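Peer 1: Sharing a structure with you now.
Number of protein chains: 2
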Amino acid sequence: MSIPKLSKLEMQIMDALWTKGECSVREIHDEFPEKGRPAYTTVQTMVNRLEAKGAVERAKKIGNSLIFRATLSRTAAHRRLVDEFFSFFDGRVQPVIAHLIQSGKLTGEDIKEAQKLLKEHTEKREPR
Amino acid sequence: MSIPKLSKLEMQIMDALWTKGECSVREIHDEFPEKGRPAYTTVQTMVNRLEAKGAVERAKKIGNSLIFRATLSRTAAHRRLVDEFFSFFDGRVQPVIAHLIQSGKLTGEDIKEAQKLLKEHTEKREPR
DNA sequence: TACCTTCAACCACAGAGGTAGTAGAGAATG
DNA sequence: CATTCTCTACTACCTCTGTGGTTGAAGGTA
Numbered sequence: 264m265s266i267p268k269l270s271k272l273e274m275q276i277m278d279a280l281w282t283k284g285e286c287s288v289r290e291i292h293d294e295f296p297e298k299g300r301p302a303y304t305t306v307q308t309m310v311n312r313l314e315a316k317g318a319v320e321r322a323k324k325i326g327n328s329l330i331f332r333a334t335l336s337r338t339a340a341h342r343r344l345v346d347e348f349f350s351f352f353d354g355r356v357q358p359v360i361a362h363l364i365q366s367g368k369l370t371g372e373d374i375k376e377a378q379k380l381l382k383e384h385t386e387k388r389e390p391r
Numbered sequence: 264m265s266i267p268k269l270s271k272l273e274m275q276i277m278d279a280l281w282t283k284g285e286c287s288v289r290e291i292h293d294e295f296p297e298k299g300r301p302a303y304t305t306v307q308t309m310v311n312r313l314e315a316k317g318a319v320e321r322a323k324k325i326g327n328s329l330i331f332r333a334t335l336s337r338t339a340a341h342r343r344l345v346d347e348f349f350s351f352f353d354g355r356v357q358p359v360i361a362h363l364i365q366s367g368k369l370t371g372e373d374i375k376e377a378q379k380l381l382k383e384h385t386e387k388r389e390p391r
């Protein structure tokens with residue numbers, strides 16, 4: 264199957280797995296900031312659903328607790344999100360850029376960085 | 264209340280209103296490409312929900328059919344979407360840009376355009 | 001061993017979104 | 001006027017998310 268769609272909460276859980284590596288539900292739960300932290304069982308439910316979606320798998324068992332591992336890469340999940348998002352704009356990036364600039368999220372630095380990346384990218388596919 | 268969150272289908276419906284102006288449910292329905300067009304009543308349901316969310320209002324009645332008008336602007340809805348989306352990335356634009364470049368969505372043209380917009384933007388807020 | 005803690009597993013439930021059917025009012029037409 | 005078409009209004013139903021309670025097994029501890 265293709266890359267599963269992940270909701271916001273699911274992404275937060277994956278984030279814990281991606282940054283901390285293999286984790287128990289308890290560890291994932293603790294990663295949430297105290298303020299607005301969901302119940303332990305909520306995290307548990309989401310981890311189970313992620314497992315059902317194939318985004319996560321059981322790595323091993325320590326004592327009576329399961330340790331999970333992300334099987335879906337952060338990059339793949341992000342790409343999925345980006346594609347999904349841009350489909351709202353017919354795949355056109357320009358309107359999005361306009362909003363980013365107006366809200367001050369996109370700076371000159373970012374643009375410079377983008378140019379560098381683009382150059383690397385094109386050079387890689389069209390080596391002279 | 265603040266800007267309501269709109270789903271994909273809801274956005275498609277708003278798109279019809281935004282581009283065609285005031286519309287009846289029938290007209291909105293007809294805007295969908297034949298392939299994968301939802302049932303008339305489905306569109307109706309969504310329009311009602313959009314009305315409940317305050318994104319749309321009844322402009323007038325012609326015969327026995329209602330004509331709707333968007334009360335939420337395309338810009339506001341888009342900004343909402345963009346903010347929502349970037350919150351997945353902690354508000355950082357760079358990882359998104361990387362994906363865009365890798366998938367070929369972001370071209371040199373786009374970057375040039377972005378620079379122009381950014382210049383205009385900064386000049387407007389900090390006129391020398 | 002008897003108790004306390006910690007998990008996994010399972011269950012429940014509400015809200016949003018997507019999908020659509022049906023009933024009944026009104027308009028249009030022969 | 002009677003029939004047919006077209007809309008609105010209402011209802012139903014399924015899936016996905018988010019949320020969290022309950023139960024019972026496993027492990028640790030006095």
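Protein chains in written order, with the numbering used here: chain A, 264 to 391; chain B, 264 to 391. Where is the CB? At the ideal position from N, CA and C, for every residue including glycine. Model, not experiment: these values are computed from the prediction.
1) Would you call the segment 353–367 of chain A and the segment 338–351 of chain B touching, i.e. three or more CB-CB distances under 8 angstroms?
2) Is it right to say ASP353 (chain B) is buried, meaning 16 or more other beta carbons lie within 10 angstroms of its own, or is it exposed?
3) Do the CB positions of GLU376 (chain A) and GLN357 (chain B) come within less than 8 angstroms of each other?
4) Have a look at MET309 (chain A) and LYS324 (chain B) and give me their C-alpha separation to the nearest angstrom.
5) Anyone know if the C-beta pair for HIS362 (chain B) and HIS362 (chain A) falls short of 8 angstroms?
6) With distances taken between CB atoms, is the gap from ILE266 (chain A) to LEU313 (chain A) smaller than 8 angstroms?
7) Please go through the segment 302–354 of chain A and give each complete beta strand (DSSP E) segment of 3 or more residues, from N-terminal end onward.
8) Assuming the contact rule is C-beta atoms closer than 8 angstroms, VAL306 (chain B) and LEU280 (chain B) should be a hit. Round their C-beta distance to whole Å, please.
9) I'd like the span of the alpha helix (DSSP H) that includes ARG289 (chain B), first residue to last.
10) Do we get a CB-CB distance below 8 angstroms when we pair GLY299 (chain B) with the residues of chain A?
11) Could you spell out the range, first to last residue, of the alpha helix (DSSP H) harbouring ILE364 (chain B)?
12) Mapping the DSSP letters down to three states, classify LEU369 (chain A) as helix, strand or coil.
13) When DSSP labels each residue in this structure, what does LEU381 (chain B) get in the three-state scheme?
14) Taking the C-alpha atoms as reference points, what is the distance between MET277 (chain B) and LEU269 (chain A)?
15) Whose Cβ in chain B lies nearer than 7 angstroms to the Cβ of PRO358 (chain A)?
16) Alpha carbons only, please: which of A:ALA302, A:LEU344 and A:ALA339 is nearest the one belonging to LYS271 (chain A)?
17) Would you mind giving the Cβ-Cβ distance between LEU381 (chain B) and ILE291 (chain A), rounded to the nearest angstrom? I have them listed as a contact below 8 angstroms.
18) ILE374 (chain A) by DSSP, collapsed to three states: which one?
19) Does the separation of the CB atoms of LEU329 (chain B) and ARG321 (chain B) fall below 8 angstroms?
Peer 2: A quick look at the data gives this:
1) yes
2) exposed
3) yes
4) 47 angstroms
5) no
6) no
7) 319–325 and 328–333
8) Contact doesn't hold; Cβ gap of about 12 angstroms is too wide.
9) 288–294
10) no
11) 357–365
12) coil
13) helix
14) 25 angstroms
15) HIS341
16) A:LEU344
17) Not confirmed; about 39 angstroms, so no contact.
18) helix
19) yes
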